[in-house]
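Report on one structure; see the data block that follows.
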Amino acid sequence: MPISGLSISERMWSFYTSNQRGDCPVTSFDQIKNSSTYDTTNAEDPSKQLLDDYRTWKAEQPPRNLPDSKGATEDNLKYLRQHFQGELSLFQRIDAVDTMREMGIITEDQMMDALSLGDSKMRFLRLCDAGLVDGGVNFDAKLDKWTDYFSMSSIGWANNLSKIFELLNSSLRFSGKVDLAEEIQSALNQVTSKKAF
């Protein structure tokens, strides 16, 4: 089964999700790395490589017109609901939080902490989720580093806008930013209570 995507992050994500379904392709870290068309300088550090790959992906996207308001305003929430619907791809998950940063809803440090990116190493363990499926075929310590990252970081489970707001709420409360967490909770309530856009 070929692993799709151009970046090593997308390819590792495909490998990880295939692994979770139990239909993991036989591959190695080097095969995935060598098939990437993006820069793989940080390939052995999943959070840094993911951030690099996201920035490359983001630069390839068409420009956007964000609302003029700053913070968790109705205009900003409407924009988020319209542009981040349903299950989000790996980079769309980061883009949703990055868009919130651009809108002034959260800071860059809060974004990085919530998504376990860059130098931030905050991890969220979802006890209700099944663990990594171990097929026993692909043992490769470098692959394990990526699959561990996806299984332990928020990026692995925050797959829609509601879960992203839950993630930000939890992250902000954990870091003592209770007032901002309340604002995020209010936004979450608005997102989850609106069925139509």
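All residue numbers for the sequence shown refer to my numbering, where the first residue is 4 and numbers rise by one. All residues carry an ideal CB built from backbone N, CA and C; glycine is no exception. The structure presented is a predicted model; accordingly, all values stated were derived computationally and were not measured.
Three-state secondary structure (DSSP) of residue i
i, result
"S10", "coil"
"L91", "coil"
"W160", "coil"
"D56", "helix"
"R67", "coil"
"E105", "helix"
"A117", "helix"
"N45", "coil"
Residue from the options whose Cα sits closest to the Cα of residue i
i, options, result
"L164", "D101, K180 and G25", "D101"
"Y82", "P66, E63, A62 and M103", "M103"
"D112", "R96, S178 and E13", "S178"
"D78", "A62, I108 and F153", "I108"
"Y57", "Q188, Q34, W16 and K166", "W16"
"K180", "T110, R67 and S21", "T110"
"E47", "W149, G89 and G25", "W149"
Sequence-distant residues of the same chain with beta carbon closer than 8 Å to residue i, five excluded per side
i, result
"T43", "I11, K36 and Q52"
"M114", "V100, D101, M103, R104 and L120"
"G139", "Confidence at G139 is low in this model, with a pLDDT of 42, below 50, so its placement is unreliable and no value can be given for it."
Proximal residues to residue i (C-beta, below 6 Å), its chain only, five neighbours per side dropped
i, result
"L183", "L175"
"F94", "Y57 and W60"
"P70", "D78, N79 and Y82"
"N45", "K51, Q52 and D55"
Test item: CB-CB of residue i and residue j under 7 Å
i, j, result
"D143", "F32", "yes"
"A99", "I187", "no"
"T30", "L9", "no"
"S117", "L54", "It is worth fixing the name first, because residue 117 is Ala in this sequence and not Ser. Cβ atoms of A117 and L54: not closer than 7 Å."
Residue environment, residue i, which counts as buried when at least 16 other CB atoms sit within 10 Å
i, result
"F87", "buried"
"A161", "buried"
"E169", "buried"
"L128", "The predicted model places L128 with a pLDDT of 41, which falls under 50 and marks its position as unreliable; any figure quoted below should be read in that light. Answer is exposed; the Cβ neighbour count stays below 16."
"R14", "buried"
"A62", "exposed"
"R96", "buried"
Neighbourhood of residue i by C-beta, 7 Å cutoff - its chain only, sequence neighbours within 5 removed
i, result
"L91", "A99, N162 and N163"
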